[in-house]
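The structure appears right after this line, and notes come after that.
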């Protein structure tokens, strides 16, 4: 079983700057409290093939995660796929960004979760929790990006 969750939010910053902020996955802990640590491999600008290796805490358990950037098209599209093997993982995910009037940006985030082994029984619970938090997650992205990117 697999399923998707998504959220859409408007960020009061220009699309190019929001893209740069989100493309650097090392910013994820600023809006995702489950991310305890994250590193970019190789260290340098994010590109297709870049891997972000993280330690996350889900349901009280720490796990290692690795996501590979599969598409990076400035300033509108970022895609990733989880390459680590976890019982519930993000088969694919991404951001779609669109410029709005007044130097604002619409950001859509999505993840497709799937379960493996025992995770096939748990993926429904994970999806339910992710969908329940999706709007709040979008608001955290908005707040973090607007804090990190100076207003003009």
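Residue numbers (this note's numbering): 2 to 153.
No residue lacks a Cβ here, since even glycine has one placed at the ideal position from N, Cα and C.
104 is the residue among 104, 86, 75 whose C-alpha sits nearest the C-alpha of residue 153. Cβ contact annotation for residue 114 (same chain, cutoff 8 Å, sequence separation greater than five): 3, 4, 5, 6, 89, 90, 91, 92, 124, 127, 128, 131, in chain order. The beta carbons of residue 13 and residue 99 sit no closer together than 8 Å.
Its Cα nearest to that of residue 67, the residue 52 stands out among 52, 61, 122. Judged by DSSP in its simplified three-state form, residue 136 adopts helix. When the five nearest sequence neighbours on each side are left out, the beta carbons in the same chain lying within less than 6 Å of the beta carbon of residue 29 are those of 36, 39, in order along the chain. Per DSSP, residue 20 is one residue of the alpha helix (DSSP H) stretching across 16-24. For a cut-off of 8 Å, the C-beta gap from residue 106 to residue 16 is around 4 Å, short enough to register as a contact. Per DSSP, the unbroken beta strand (DSSP E) holding residue 112 starts and ends at 105-116.
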